[in-house]
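Asks: Take this structure, written in C-alpha coordinates, and hold onto it; I'll ask about it next.
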Amino acid sequence: MSHPEEQSAVQKLKSAGRDLMPIIAVCVSAIVLTLVAVTVYKLMIIQT
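Residue numbering for the sequence shown follows the numbering used here, starting at 66 and increasing by one per position.
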(Lines of atoms letter the chains of each structure in order from A; the text may use other names.)
(Lines give C-alpha, C1' and ligand atoms only; values in the text may rest on other atoms or scores of the structure.)
Protein backbone atom coordinates (compact mmCIF):
# COMPACT_ATOMS: atom_id res chain seq x y z
CA MET A 66 0.00 0.00 0.00
CA SER A 67 1.04 3.66 -0.21
CA HIS A 68 2.67 5.60 2.58
CA PRO A 69 0.48 7.39 5.17
CA GLU A 70 1.96 10.75 4.12
CA GLU A 71 0.83 10.16 0.54
CA GLN A 72 -2.65 9.15 1.66
CA SER A 73 -3.02 12.28 3.81
CA ALA A 74 -1.84 14.41 0.89
CA VAL A 75 -4.45 12.77 -1.35
CA GLN A 76 -7.13 13.36 1.29
CA LYS A 77 -6.12 17.03 1.51
CA LEU A 78 -6.28 17.34 -2.27
CA LYS A 79 -9.73 15.74 -2.37
CA SER A 80 -11.09 17.98 0.38
CA ALA A 81 -9.55 21.04 -1.30
CA GLY A 82 -11.21 20.02 -4.57
CA ARG A 83 -14.56 19.76 -2.78
CA ASP A 84 -14.05 23.21 -1.28
CA LEU A 85 -13.10 24.68 -4.66
CA MET A 86 -16.00 23.20 -6.65
CA PRO A 87 -18.59 25.83 -5.60
CA ILE A 88 -16.06 28.63 -6.19
CA ILE A 89 -15.30 27.30 -9.68
CA ALA A 90 -19.01 26.93 -10.41
CA VAL A 91 -19.68 30.52 -9.33
CA CYS A 92 -16.81 31.83 -11.48
CA VAL A 93 -17.98 29.90 -14.54
CA SER A 94 -21.60 31.02 -14.14
CA ALA A 95 -20.46 34.63 -13.65
CA ILE A 96 -18.39 34.49 -16.85
CA VAL A 97 -21.30 32.96 -18.78
CA LEU A 98 -23.73 35.59 -17.46
CA THR A 99 -21.30 38.35 -18.42
CA LEU A 100 -20.93 36.98 -21.95
CA VAL A 101 -24.71 36.72 -22.33
CA ALA A 102 -25.19 40.26 -21.03
CA VAL A 103 -22.56 41.64 -23.42
CA THR A 104 -24.12 39.79 -26.36
CA VAL A 105 -27.62 41.07 -25.55
CA TYR A 106 -26.23 44.60 -25.08
CA LYS A 107 -24.52 44.51 -28.49
CA LEU A 108 -27.67 43.16 -30.17
CA MET A 109 -29.75 45.94 -28.63
CA ILE A 110 -27.25 48.57 -29.82
CA ILE A 111 -27.36 47.14 -33.36
CA GLN A 112 -31.17 47.10 -33.44
CA THR A 113 -31.69 50.69 -32.23
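Built from N, CA and C at the ideal position, the CB exists for glycine as well.
None of these values were measured; they are calculated from a predicted model.
For a test of the three-state rule: what should DSSP assign to Thr113, helix, strand or coil?
Replies: Walking along the sequence shown from the start, residue 113 turns up at place 48. Coil, per DSSP.
Asks: Which residues in the same chain as Ala95 place their Cβ atom closer than 8 Å to its Cβ, once the five residues preceding and following it in sequence are excluded?
Replies: The residue you call residue 95 lines up with position 30 of the sequence shown. Around Ala95, the same chain offers no residue with a beta carbon nearer than 8 Å, after the five sequence neighbours per side are excluded.
Asks: What's the gap between the Cα of Lys79 and the Cα of Ala90?
Replies: Translated into positions along the sequence shown, residue 79 becomes position 14. Translated into positions along the sequence shown, residue 90 becomes position 25. Using only the alpha carbons, I get a separation of about 17 Å.
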